[in-house]
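Participant: Sharing a structure here in structure tokens format.
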Amino acid sequence: MSWAPSRRVLLASTMTVPMAGRRAAAQAWPSQSIRIVVPFAPGGTTDLVARLVAAGLQERLGASVVVDNRAGAGATLGSEVVARSAPDGYTLVMSNIASHAISPAVYGTRVRYNPVTDFAHAALVVTNPTVWVANPNSGIKTLADAVAKARSPSGLDVATSGAGSSNHLMVVRMGQLAGKEMNHIPFRGAGPAMQAVIAGQVAMMSDSLPSAASHIRQGSVVAVGMASAERHPSFPDVPTFREQGFDLASDSWFGLSFPAGTPAGIVDRLNRETRAFLGSPEIRSRFAELGGTPGDLTPDGYTEFVRREVALWAPLVQASGATAD
Amino acid sequence: MDLITNLGHGFGVALTLTNIMFCLIGCLIGTAIGVLPGIGPVATISLLLPITFGQPATTAIIMLAGIYYGAQYGGSTTAILLNLPGEVSSVVTTLEGYKMARNGRAGAALTVAALGSFFAGTVATVVVAASGPMLTQVALSFGPADYFSLMFLGLIISAVLAQGSVIKSIGMVAFGVSLGMVGTDVQTGQQRFTFGIPELSDGVGFVSMAMGMFGIAEIVLNLERPESRNVMSGKVGKLMMTRAEFRRAVPSVLRGTLVGTMLGILPGGGASLSSFGSYMMERKLSKYRHEFGSGAIEGVAGPESANNAASQTSFIPLLTLGIPANAVMALMVGALIIQGIQPGPRMVEAQPDLFWGLIASMWVGNLMLLVINLPMVGMWVKLLSVPYRYMYPSIMIFCAIGVYSLQNNVFDVYQTVFFGIFGYLCSKLRLEGAPMLIGFVLGPMMEEHLRRAMLLSRGDAMVFIERPISATMLAIAAIALIAMLMPNIRKGKDTALQEGG
Amino acid sequence: MKLNTKDLLSAGVLIGVAAVGLWLNTDHTMGSARRMGPGYMPWLSFAVMMGLGFLVALAGLFNGPDPISKWTSSEIVFLIGGAIGGVAAGMAAAQVPGWPSAGWNSLGIGIFVGCLIPSIVPSWRPLFLVSAAFALFGLVLEHLGLMAAIALAVALSSLADKTHTPKGVVGLVVFLCVLCWAVFIYELDIRVPVWPQF
């Protein structure tokens, strides 16, 4: 069994996890296993990428890196766990657009951490463009078609992976730009939403590129617009929203963040290793296949990035009416 | 002819030594986690995912699929032996399976579960191979209105699970639906009935609820009646099925396979409806329906077959559309994408090895599970002869660890305590847990589809009657409701008296 | 008498829960037929539940008798005592800084105390000692580790059955510790502290 050795590593890590939060950061970091808290249930894109990154970091740092799923409350539960952990460099959270930009606005005072100041943001891992796709028989080929449909008496149905997601907020924002509210149809996850679009029950969908990529390639849906600053290298034919006259560019993202107060040396080291790992040609091609772009920011750059995202999404959340109370 | 050539090719892929070994490993791990209460295939698969990065895609997916079926097989074992259901389908298995175990027929129940599952798996695999792409159209033709009506039908017939009063049981279904409303509203993101507890924002935990209401409550009841548990550990009974039991199980297995194969195609709830759809059918159609509630083998054979058939055919949307039907399959899609493979309609041509290898390995996996599980029946049954004073703390600890490991959160452990006490109260008042759990699972799905259907129809409720699929389901539901209430109003008194005695 | 006490109490449970649910649901908007609000479906299910509760109550007036077993006065007193004690302990723990109020510990303490008090009465022991043991497991798991949690929970729950011997309990604890370590830690690699943390 070729995977036996890696299990020994996992085993060793389990024994050391209890001590992780207690010991002061030793001189030679890492001297014990590192835990990456993923604030989502196993199986999502974030979880998947976290495991990929964990495997890469484990090799580079020479210490075991384990993934710990703490899902719940719009990804805020897991993030809170990390915000309150000891800043010794052995606990990280997979910070993301939900936990660190949207949910704090949605959940308000129930989120007991500050997404910017309670963390030492270490590295941006990936950004995923948002893409709008349409059923091939819907007649919608461009955003102008979509807006025309929205203004028609029947209106335009747009599916998303859920209320309060960045995709939902995109629909709200697009409605504002088009001057006509779109009929938002939330689903429980991207899979069922995509199925409804393929089946023609819903005309359009606002989705993140990784989950839509394969369906676009297979032609089961048509990509109408890419909501990012530039066209995506894997989908050069899909024009951006800006090219089509709608000033909207927003990517979903996730990265790695320590609790605030973690020694700068550790944060920098993790940043270097993560960027080196993400920069390898193999990973770049895997991410390109997935539809994402590997992140390449310094810790300061990532912190500034999170700060900007928080400022960007809060008013949109207010406008969408998606609050938890 | 093509089919046979393709399947032959598939077996060529699946039957390499490496793939057989990984299939076996997957099945063994799957069985183990299935047997352990609370530990689900999703957590395990995501744990093993990094290991598969280094393997060829076919091998990786064969192993993950093995875990998935293995967990299905293993889950029925604990449901039958210990009254511990880890998922919706096992809730149905506890109804007759645990009764059979109490009657000393645990061996027969486990055997029929394994044999029925194997048969159903074989049939469903052939269906997937022969007509997968065609059946995809069925899945796509189901709109929100049709799903709503299907769920509604499911809720109505779930009252059939009642061992006693139908009204009380529908009341418990409504209770379950209400409990299902706890958490974040899918349509608006609003928090409902969470009392500001973040842990409740994803709803009440199904496993906590099932463990508490079935597992913990059963421990307490057994401790209160020392005489009944001695009866149980005293008679293990004959291991194998008798000829009569076998004959009774055959038609149930056939019906269960049919129901499961059809419902499994529908993502979003089809598979969870399959086992109790079959239970309902057996209860109405079986010649031995009077034995239901006291350990009828049909009530294990049908649902177990249906469940396994559904878990095979639920691969169809994944293989032909690239859309995962449940969380386990979402993980498999992830594993494939990491390998650079896009699941979907082009997979048959682009990756014939993977496509046909996976289908062949479904059957190989089922065969392997049969080979693994049949000899273990004897061992499992022997577990029942362990004195109960050692059994119950062990069950308790396994439940506690399993529940904790769901989210690594002790809140789930406390939730289980709450449902344990509630389950005890319910059993004292003859309020049944099974209809409640079914309502809990189907209710939120029903709400989601109802609201989505109304959003899409711009508020026109006629959509439920205009669509033929939906109209048919609603008509069946209406007939079932009338048929159920009519005789029970008459019989109500008699059954109540029988229960009292 | 034809009163069916069990059905009447069941009806009470259904009606009571439904009433509370309907009251809580007043926070949520019902919405329109096109865009149903978050309050619509809960309203429907609670209303159906309440209606069925009344039907059960109505039937319960005639299809008896089906009495529940009589409770002794000590059973009632200690049950109420447990409820009060549990709530008080939980609320008190929430005020104490440090471990007792961290995370869900105050809830665990409340459940634990609330279950221990009625288990003074022998007839309540199976229910409340098992529940208390379960709560105790959750309470100590993250601080003292899996091994201690198993030992304490098994020891406490063993009091619920008279046939246990001290030797048997120790043997069971050792067996379960080894088994759980092998299965959950070694094989399945569950993320849980194994030993006490300092």
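Read top to bottom, the protein sequences are chains L, R and Z. So for the first sequence, this note's numbering puts the first residue at 13; every next one is plus one. So for the second sequence, this note's numbering puts the first residue at -3; every next one is plus one. So for the third sequence, this note's numbering puts the first residue at 51; every next one is plus one. Just so it is clear, CB atoms sit at the ideal spot from N, CA and C, and this is done for glycine as well. The model shown is predicted, which means the values in this text are computed figures rather than measured ones.
1. Compute the distance between the beta-carbons of Gln230 (chain L) and Gly318 (chain R), then report whether it is under 9 Å.
2. Look up Ala142 (chain Z) in the DSSP assignment and say whether it is helix, strand or coil.
3. Look at the alpha carbon of Gly185 (chain R) and the alpha carbon of His78 (chain Z), and state the distance between them as a whole number of angstroms.
4. I'd like to confirm the pairing. Which residues does DSSP put opposite Ala171 (chain L) in its beta bridges?
5. To the nearest angstrom, how far is the alpha carbon of Thr89 (chain R) from that of Glu83 (chain R)?
6. List the residues of chain R that Gln213 (chain L) touches, going by C-beta distances under 8 Å, in chain order.
7. Is it buried or exposed, Trp121 (chain Z), if we count other Cβ atoms within 10 angstroms and call 16 or more buried?
8. Just to confirm, is the Cβ distance from Leu328 (chain L) to Ala135 (chain L) under 9 Å?
9. Please indicate yes or no: does the CB of Arg47 (chain L) lie closer than 8 Å to some heavy atom of the ligand ATP?
10. Hey, out of R:Gly208, R:Ala104, R:Met441 and R:Leu196, whose CA is closest to Phe394 (chain R)'s CA?
11. Can you tell me whether Trp41 (chain L) is helix, strand or coil according to DSSP?
12. Counting only runs that start and end within the segment 67 to 125 of chain L, where is the alpha helix (DSSP H) found for 4 or more residues in a row?
13. Thinking Ile355 (chain R) and Val182 (chain R) are a contact (beta carbons under 8 Å), I'd like their distance in whole angstroms, please.
14. When you compare the CB of Tyr64 (chain R) with every CB in chain Z, is at least one pair closer than 9 Å?
15. So is Ala66 (chain L) in contact with chain R if we call contact Cβ pairs under 9 Å?
16. Alpha carbon to alpha carbon, how far is Ala83 (chain L) from Tyr400 (chain R)? Give it in angstroms, no decimals.
17. Does DSSP classify Val50 (chain L) as helix, strand or coil?
18. Say whether chain L places a C-beta atom closer than 9 Å to the C-beta of Ala125 (chain R).
19. Are the CB atoms of Phe115 (chain R) and Ser301 (chain R) nearer to each other than 9 Å?
20. Check whether the Cβ atoms of Val123 (chain L) and Phe270 (chain L) sit closer than 9 Å, and answer yes or no.
21. Less than 7 Å between C-beta atoms, sequence neighbours within five positions excluded: which residues of the same chain meet that for Leu186 (chain Z)?
22. Below 9 Å on C-beta distance, what does Gln347 (chain R) contact in chain L?
23. Could you tell me which of R:Leu446, R:Met458 and R:Asp456 sits nearest to Leu94 (chain Z), measuring between CA atoms?
24. Taking the alpha-carbon positions, what's the Leu73 (chain L) to Ile465 (chain R) distance?
25. Note down, in chain order, every chain R residue with its Cβ under 7 Å from the Cβ of Trp154 (chain Z).
26. What residues in the segment 175 to 197 of chain Z bring their beta carbon closer than 7 Å to a beta carbon of chain R?
27. Nearest CA to the CA of Gly237 (chain L): which residue from L:Glu193, L:Asp249 and L:Ser226?
28. Give me the chain Z residues within the contact set of Arg385 (chain R), using Cβ-Cβ distance strictly less than 8 Å, ordered along the chain.
29. DSSP state of Asn79 (chain R), grouped into three classes?
30. Does DSSP put Arg320 (chain L) in a helix, in a strand, or in coil?
31. Tell me which residues of the segment 319 to 334 of chain R have at least one Cβ-Cβ distance to chain L shorter than 7 Å, keeping chain order.
32. Give the residues of chain L in contact with Gln308 (chain R), contact being defined as C-beta atoms less than 9 Å apart.
33. Mind listing the chain R neighbours of Ala160 (chain L)? Cutoff is C-beta to C-beta under 9 Å, in chain order.
34. How is Asp116 (chain Z) classed by DSSP in three states: helix, strand or coil?
35. DSSP on Phe266 (chain L), reduced to helix/strand/coil?
36. Quick check on DSSP: helix, strand or coil for Pro147 (chain Z)?
Facilitator: According to the structure shown:
1. In contact: Gln230 (chain L) and Gly318 (chain R) (Cβ atoms closer than 9 Å).
2. helix
3. Approximately 12 Å between the Cα atoms of the pair.
4. In the DSSP assignment, Ala171 (chain L) is bridged to L:Ile197 and L:Met217.
5. Spanning the two alpha carbons is a distance of roughly 10 Å.
6. In chain order: Gly139, Pro140 and Leu452.
7. exposed
8. no
9. The ligand ATP is absent from the structure shown, which contains no ligands of any kind.
10. R:Gly208
11. In the three-state DSSP reduction, Trp41 (chain L) falls in the coil class, being neither helix nor strand.
12. 88 to 95 and 115 to 119
13. With a Cβ gap of about 34 Å, Ile355 (chain R) and Val182 (chain R) do not count as contacting.
14. So no, Tyr64 (chain R) is outside the interface.
15. yes
16. 13 Å
17. strand
18. no
19. yes
20. no
21. Phe162, Leu202, Ala203 and Leu206
22. Going along chain L, no residue has its Cβ under 9 Å from Gln347 (chain R), so there is no contact; the nearest lies around 12 Å.
23. Nearest option by C-alpha distance: R:Leu446.
24. 57 Å
25. Under the 7 Å cutoff, chain R gives Val406, Phe407 and Tyr410.
26. Answer set for the segment 175 to 197 of chain Z: Pro176, Leu177, Val180, Ser181, Ala183, Phe184, Ala185, Phe187, Gly188, Leu191 and Glu192.
27. L:Asp249
28. Ser208, Asp211, Thr213, His214 and Gly218
29. coil
30. In the structure shown, Arg320 (chain L) sits in a helix (DSSP, three-state: H, G or I).
31. Ile319, Pro320, Ala323, Ala326, Leu327, Gly330, Ile333 and Ile334
32. In chain order: nothing, as chain L lies at least about 19 Å away.
33. Those within 9 Å of Ala160 (chain L) in chain R number zero; the least Cβ separation is about 18 Å.
34. coil
35. strand
36. coil
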